[in-house]
């Protein structure tokens, strides 16, 4: 399957394994269990040394995206397939924004991996009073061996598969995913076409409260037929981030096209889209057209020592064919046995008939022979005794008739 985008995995996904004490509380003084700027509203951190977080993935590059707390120390170690990397800080102060948190920070990035399976383990190596860094989500570039079943593909506003028309301005903000977004209005005849392959798409962007005349109003046309217009609810702040502006619902797993157009002079902000892949019973793989993750400044790009992973091709077995073959073989053997039995029985019947016929012939010969001796003249008859009667014809017949193979029965 040809795909665009990279796989996004939330830190709360069941495939991410934590050990030790982790939680969502940002600081003891400012407990915050949810933050809408973060992916799916949460990030997870630990203030205890020795805790771990692991991700098993199949891809050619990976990024660990975090939320960093201003002035808070942290120390993380990243173990990828047995090679160790470190990232630590005594407290970051040069945030791009003026807030207490830096969102969507590419804390660890590595590329040029083999296309096989990899294991990334993150461990905390510093005990702190408050949590200084939170794991938000992972991005990895799928390879030809990646099974995309039930995964979400993240397509950033800078992805080359997006087709922009008209004038779109390029915005940057710490709260944007990957720190960028696009904005346009229909006075420039702007629209964006998003081709995708999957069974659903979601469109995320910014919403302005309209106080400066930039209230969002957008039209979404899916596959040239289904049209949806989005007008946001009233805002309580100037701008909110990570808003879901459109959700297609479940679609057939195939190629689709979504066209987004700003309406009536209003702005549309595009931050990113998510494309969901259908659940499949067979492995769904990607082609080489998948988007690579751009290397962030300062991220590690040192190629690790890779350990080959042996894969096995499990072939399905047709149980019905095996059972049918066994039954057919047994039936054939039974038919052969029955045929041999009937043949032997027929041969025995023929032999019995021949024995009966020859016995009858021998009996007649004996009868004739004894009759001749009995009805000879009285003088001759008185001279004949039992020893002069020959039983040879009878004995010879019996001896010959009861000789079967190498076993002699009658003689």
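Numbering (the UniProt record's numbering), first residue to last: 1 to 411.
Where is the CB? At the ideal position from N, CA and C, for every residue including glycine.
Strictly by DSSP, which residues pair up with residue i?
{"i": "residue 260", "result": "192 and 220"}
{"i": "residue 65", "result": "106 and 137"}
{"i": "residue 153", "result": "7 and 275"}
{"i": "residue 85", "result": "78"}
{"i": "residue 267", "result": "185 and 216"}
{"i": "residue 171", "result": "181"}
On the three-state DSSP scale, how would you describe residue i?
{"i": "residue 158", "result": "coil"}
{"i": "residue 178", "result": "helix"}
{"i": "residue 337", "result": "helix"}
{"i": "residue 166", "result": "coil"}
{"i": "residue 44", "result": "strand"}
{"i": "residue 197", "result": "strand"}
{"i": "residue 279", "result": "coil"}
{"i": "residue 184", "result": "strand"}
{"i": "residue 5", "result": "coil"}
{"i": "residue 330", "result": "helix"}
{"i": "residue 19", "result": "strand"}
{"i": "residue 205", "result": "strand"}
{"i": "residue 249", "result": "coil"}
{"i": "residue 445", "result": "Missing from the structure shown is residue 445; the chain here goes from 1 to 411 and no further."}
{"i": "residue 342", "result": "helix"}
{"i": "residue 59", "result": "strand"}
Within the same chain, show all residues whose beta-carbon is closer than 7 angstroms to that of residue i, passing over the 5 residues directly before and after it, in chain order.
{"i": "residue 20", "result": "46, 48, 50, 51 and 52"}
{"i": "residue 42", "result": "12, 24 and 34"}
{"i": "residue 333", "result": "none"}
Given residue i, which residues of its chain have a CB within under 6 angstroms of its CB, disregarding the five upstream and five downstream residues?
{"i": "residue 404", "result": "With a pLDDT of only 31 at residue 404, under 50, the local geometry of the prediction cannot be trusted, and no value is derived from it."}
{"i": "residue 54", "result": "17 and 121"}
{"i": "residue 245", "result": "203, 205 and 230"}
Is residue j closer than 8 angstroms to residue i when the C-beta atoms are compared?
{"i": "residue 248", "j": "residue 222", "result": "yes"}
{"i": "residue 65", "j": "residue 105", "result": "yes"}
{"i": "residue 149", "j": "residue 277", "result": "yes"}
{"i": "residue 173", "j": "residue 161", "result": "no"}
{"i": "residue 44", "j": "residue 155", "result": "no"}
{"i": "residue 103", "j": "residue 37", "result": "yes"}
{"i": "residue 263", "j": "residue 229", "result": "yes"}
{"i": "residue 141", "j": "residue 59", "result": "yes"}
{"i": "residue 40", "j": "residue 10", "result": "yes"}
{"i": "residue 183", "j": "residue 171", "result": "yes"}
{"i": "residue 260", "j": "residue 218", "result": "yes"}
Please look up how many angstroms separate the CB atoms of residue i and residue j, rounded, as I've assumed it's under 8 angstroms.
{"i": "residue 216", "j": "residue 168", "result": "Incorrect: roughly 14 angstroms between the Cβ atoms, too far for contact."}
{"i": "residue 204", "j": "residue 243", "result": "6 angstroms"}
{"i": "residue 139", "j": "residue 6", "result": "5 angstroms"}
{"i": "residue 74", "j": "residue 132", "result": "4 angstroms"}
{"i": "residue 437", "j": "residue 84", "result": "In the structure as shown, the chain starts at 1 and stops at 411, and residue 437 therefore has no counterpart that could be examined."}
Once you ignore the five residues that flank residue i on each side, which residues in its own chain have a CB closer than 8 angstroms to its CB?
{"i": "residue 200", "result": "247, 248, 249, 250, 251, 275 and 276"}
{"i": "residue 165", "result": "189, 190, 191, 192 and 193"}
{"i": "residue 257", "result": "193, 194, 195, 196, 222, 223 and 224"}
{"i": "residue 22", "result": "44, 45, 46, 51 and 53"}
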